[in-house]
DNA sequence: GTCTATACAGTGATAGAC
DNA sequence: GTCTATCACTGTATAGAC
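Protein chains in written order, with the working numbering: chain A, 861 to 1067; chain B, 861 to 1067.
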């Protein structure tokens, strides 16, 4: 990153990039290995040389986005110039971005779709993405409590109020993609603002 | 209802009841017409006599639960003995029940799954279920505002905070069904309580 | 309304040559 | 690594007899 060197995209990476787009556009079941192969301009046999099966391909697509998405949150945690309130505000902004705009966030409904057939996908998503995400945010909260800026709160209850609206907004935007007035019904910015204000009102210690 | 007469279940109703269970258990794509037919102990040809295709069958299953689910909310609205706060508390309870326990509520992730292939399913779900649901709740809020018990609130922002956590909890419970510690991770009752308290704290007019 | 029988497109996946 | 060719199978859906 930033050293002027851009690694050539491997075939495997190209397949993942292309198939992620197809999965997001059409869902898991409607994205066949034939379509992926055709979109990559290779044959199915070649595709199967790179991935042992459709499930492995999908898991690779999901897993691929974990680290970069979490890095933004980590950077925020390590920024010592921020007070707890500003840091939480920024964190919520990043969470909206991660969940609604990023590929891994938008994949959540797909993971729900395949979770019965491949429970390990759900396991991985929960332990390698959701878990770390909550850990980072929780440390920010604990920091604010230590500094007497935030009231002590129950962890699960707080996350219920924090992640609930974000995930639902993301799901709604995916499931009502076909609506031409999507932005009117589910606008990100204003909902993010009011959500942030409400959370801060609840958590701030105002004696 | 309650008149001692129970209408015989028609074949069509039986098919809908059975296939709803299969859709909820295995998802839309993994529920084939063959499996539905087998579960109903009829042949595929007979199944196609009652429903012109898999999409029509699915739409029928989704639509079927709308009215009974909304009726609980309507009953609450018409109960004149309740003050706005108690009514809202009860309404939230009903919404948790509708979204997490009822068949139509649990179908939401499936609707997301098929929404691209059948946008009319998403349309119907939004206009015949989500819409009326929000209208009823909104009238309860407006009533409380009129009585000066609630502060005026922005509609979209309030629904973001009200429905967001409920829908996400429902989605999480569906997508992590395979977890043996599901109830520990996603317990309905305590989250409902803290969610309700938070909403009331935000909306009550305490000068 | 239910059946037997069938059409036929598409699926995930593999064998083996180059 | 990529190809051609092919596998066994399941999918939705229909025709026509009873």
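Where a beta carbon is used, it is the ideal one built from N, C-alpha and C, also for glycine.
Interface residues of chain A facing residue 913 of chain B [CB-CB closer than 9 angstroms]: As a first step, residue 913 of chain B is located in the second chain; it is residue number 53 there, counting from the start. Correct list: empty, because the minimum Cβ distance to chain A is about 16 angstroms.
Should residue 1018 of chain A be counted as a contact of the ligand MN given a C-beta to heavy atom distance under 7 angstroms? This structure lacks the ligand MN; in fact it carries no ligand of any kind.
Output needed in chain order: residues of the stretch 993-1024 of chain B with a Cβ under 8 angstroms from some Cβ in chain A. The residues in question are 1014, 1016, 1017, 1020, 1021, 1023, 1024.
Does the separation of the CB atoms of residue 1032 of chain A and residue 979 of chain B fall below 8 angstroms? Sequence index remark: in the first chain, residue 1032 of chain A carries index 172 (1-based). Sequence index remark: in the second chain, residue 979 of chain B carries index 119 (1-based). No, these two residues do not count as a Cβ contact at 8 angstroms.
Using 8 angstroms as the Cβ pair cut-off and three pairs as the minimum, do the stretch 904-914 of chain A and the stretch 861-880 of chain A touch? Below 8 angstroms, enough C-beta pairs join the stretch 904-914 of chain A and the stretch 861-880 of chain A to call them touching: three or more.
Give the secondary structure of residue 976 of chain B by DSSP, where H, G and I count as helix, E and B as strand, and everything else as coil. For the purposes of this step, residue 976 of chain B is taken as residue 116 along the second chain, with counting starting at 1. Coil, per DSSP.
Continuous alpha helix (DSSP H) assignments of at least 4 residues falling wholly in the stretch 883-924 of chain A: Whole alpha helix (DSSP H) segments, 4+ residues: 893-900, 904-910, 914-924.
Looking at the strands, I want to know which residues DSSP matches up with residue 1064 of chain A. In the first chain, counting from the first residue as 1, residue 1064 of chain A sits at position 204. Residue 1064 of chain A pairs with A:1010.
Contact residues within the stretch 965-977 of chain B, judged by C-beta distance below 7 angstroms to chain A: Cβ contacts with chain A: 969, 971, 972, 973, 975, 976, 977.
Starting from the beta carbon of residue 1051 of chain B, find every residue of chain A whose beta carbon is closer than 7 angstroms, and list them in chain order. Against the second chain, residue 1051 of chain B aligns to sequence position 191. Identification of chain A residues near residue 1051 of chain B by a Cβ-Cβ cut-off of 7 angstroms yields 1016, 1017, 1020, ordered along the chain.
Should the stretch 1008-1019 of chain B be called in touch with the stretch 968-979 of chain B, which here means at least 3 C-beta pairs below 8 angstroms? In this structure the stretch 1008-1019 of chain B does not touch the stretch 968-979 of chain B; the number of beta carbon pairs closer than 8 angstroms is below three.
Using a Cβ cut-off of 8 angstroms, which residues of the stretch 888-905 of chain A contact any Cβ in chain B, in chain order? Result list: 888, 889, 890.
Quick one: residues in its chain with C-beta nearer than 7 angstroms to the C-beta of residue 904 of chain A, no 5 flanking neighbours on either side, listed in chain order? In the first chain, counting from the first residue as 1, residue 904 of chain A sits at position 44. Only 893, 894, 897 meet the Cβ criterion.
When you compare each of B:943, B:914, B:961 to residue 925 of chain B by their alpha carbons, which one comes out closest? Start at 1 with the first residue of the second chain, and residue 925 of chain B comes out as number 65. Closest by alpha carbon: B:961.
Kindly indicate which three-state DSSP category residue 941 of chain A falls into: helix, strand or coil? Counted from its first residue, the first chain places residue 941 of chain A at position 81. The answer is coil: DSSP assigns residue 941 of chain A none of H, G, I, E or B.
Starting from the Cα of residue 999 of chain B, find the closest Cα among B:936, B:966, B:983, B:956 and give me that residue. On the second chain, position 139 is the one that residue 999 of chain B refers to. When only C-alpha atoms are compared, the closest one is B:936.
Listed in chain order, which residues of the stretch 1027-1049 of chain B have Cβ atoms closer than 9 angstroms to some Cβ of chain A? Within the stretch 1027-1049 of chain B, the qualifying residues are 1027, 1028, 1029, 1031, 1032, 1034, 1035, 1036, 1037, 1038, 1039, 1045, 1046, 1047.
Contact list for residue 929 of chain A against chain B, beta-carbon separation under 8 angstroms: For the purposes of this step, residue 929 of chain A is taken as the residue at position 69 of the first chain. Those within 8 angstroms of residue 929 of chain A in chain B number zero; the least Cβ separation is about 18 angstroms.
On the three-pair Cβ rule with 8 angstroms, is the stretch 1043-1052 of chain A touching the stretch 878-890 of chain B? No, the stretch 1043-1052 of chain A is not in contact with the stretch 878-890 of chain B.
If we call anything under 8 angstroms between Cβ atoms a contact, is residue 1019 of chain A one with residue 994 of chain A? Counting from 1 along the first chain, the entry for residue 1019 of chain A is found at position 159. Counting from 1 along the first chain, the entry for residue 994 of chain A is found at position 134. Yes, Cβ-Cβ distance for residue 1019 of chain A and residue 994 of chain A is below 8 angstroms.
Cutoff 6 angstroms; reference residue 1059 of chain A; Cβ partners in own chain excluding five residues on either side: Residue mapping note: residue 1059 of chain A aligns to position 199 of the first chain, counting from 1. If we look at residue 1059 of chain A and ignore the five residues flanking it on each side, it has no Cβ neighbours.
Please go through the same chain and pick out, in chain order, the residues whose beta-carbon is closer than 6 angstroms to the beta-carbon of residue 880 of chain A, but skip the five residues on each side of it. Locating residue 880 of chain A in the first chain gives position 20, counting from the first residue. Its chain contains 921, 963 as the residues whose beta carbon lies nearer than 6 angstroms to that of residue 880 of chain A, once the 5 sequence neighbours on both sides are disregarded; these appear in chain order.
Identify whether residue 1038 of chain B lies in helix, strand or coil by the three-state DSSP scheme. Within the second chain, numbered from 1, the residue matching residue 1038 of chain B stands at position 178. Coil at residue 1038 of chain B, not helix or strand.
Straight-line Cα distance separating residue 1056 of chain A from residue 1005 of chain A: Locating residue 1005 of chain A in the first chain gives position 145, where the first residue counts as 1. Locating residue 1056 of chain A in the first chain gives position 196, where the first residue counts as 1. Roughly 18 angstroms separates the two Cα atoms.
Going by other Cβ atoms of all chains shown within 10 Å of its Cβ, with 16 needed for buried, is residue 914 of chain B buried or exposed? By 1-based counting over the second chain, the position of residue 914 of chain B is 54. Under this definition residue 914 of chain B is a buried residue.
Quick one: is residue 1066 of chain A buried, meaning 16 or more other Cβ sit within 10 Å of its Cβ, or exposed? Residue mapping note: residue 1066 of chain A aligns to position 206 of the first chain, counting from 1. Exposed, since its Cβ has fewer than 16 Cβ neighbours within 10 Å.
For residue 947 of chain B and residue 929 of chain B, I'd like the C-alpha separation in whole angstroms. The residue you call residue 947 of chain B lines up with position 87 of the second chain. The residue you call residue 929 of chain B lines up with position 69 of the second chain. Taking the straight line from one Cα to the other gives about 17 angstroms.
Per-residue DSSP class, three states only, for residue 867 of chain B: On the second chain, residue 867 of chain B is found 7 positions in, with the first residue counted as 1. Correct three-state label for residue 867 of chain B: coil.
Spatially closest choice to residue 1041 of chain A from B:899, B:986, B:919, by CA coordinates: Sequence index remark: in the first chain, residue 1041 of chain A carries index 181 (1-based). When each option's Cα is compared against that of residue 1041 of chain A, the closest is B:986.
For my contact list, residue 967 of chain B and residue 884 of chain B are in at a C-beta cut-off of 8 angstroms; report their separation, rounded to the angstrom. Along the second chain, one-based indexing puts residue 967 of chain B at 107. Along the second chain, one-based indexing puts residue 884 of chain B at 24. Residue 884 of chain B and residue 967 of chain B do touch by the CB rule: their CB atoms are close to 7 angstroms apart, below 8 angstroms.
Opening and closing residue of the alpha helix (DSSP H) in which residue 963 of chain B lies: Residue mapping note: residue 963 of chain B aligns to position 103 of the second chain, counting from 1. Following the DSSP letters along the chain, one finds residue 963 of chain B inside the alpha helix (DSSP H) bounded by residues 963-966.
How close, in whole Å, do the beta carbons of residue 934 of chain A and residue 996 of chain A come, if the pair is a contact with beta carbons under 8 angstroms? Here residue 934 of chain A is taken as the residue at index 74 of the first chain, counted from 1. Here residue 996 of chain A is taken as the residue at index 136 of the first chain, counted from 1. The distance from the Cβ of residue 934 of chain A to that of residue 996 of chain A is about 6 angstroms, consistent with a contact at the 8 angstroms cut-off.
Would you please verify whether the beta carbon of residue 1062 of chain B is less than 8 angstroms from any beta carbon of chain A? For the purposes of this step, residue 1062 of chain B is taken as residue 202 along the second chain, with counting starting at 1. Interface residue, yes.
Is residue 987 of chain B close to chain A, meaning its C-beta is less than 8 angstroms from at least one C-beta of that chain? Position 127 of the second chain, counted from the start, is the residue given in the question as residue 987 of chain B. It does not; no Cβ of chain A falls within 8 angstroms.
Which of helix, strand or coil DSSP assigns to residue 1046 of chain A: Along the first chain, one-based indexing puts residue 1046 of chain A at 186. Shown here, residue 1046 of chain A sits in coil according to DSSP, grouped into three states, outside any helix or strand.
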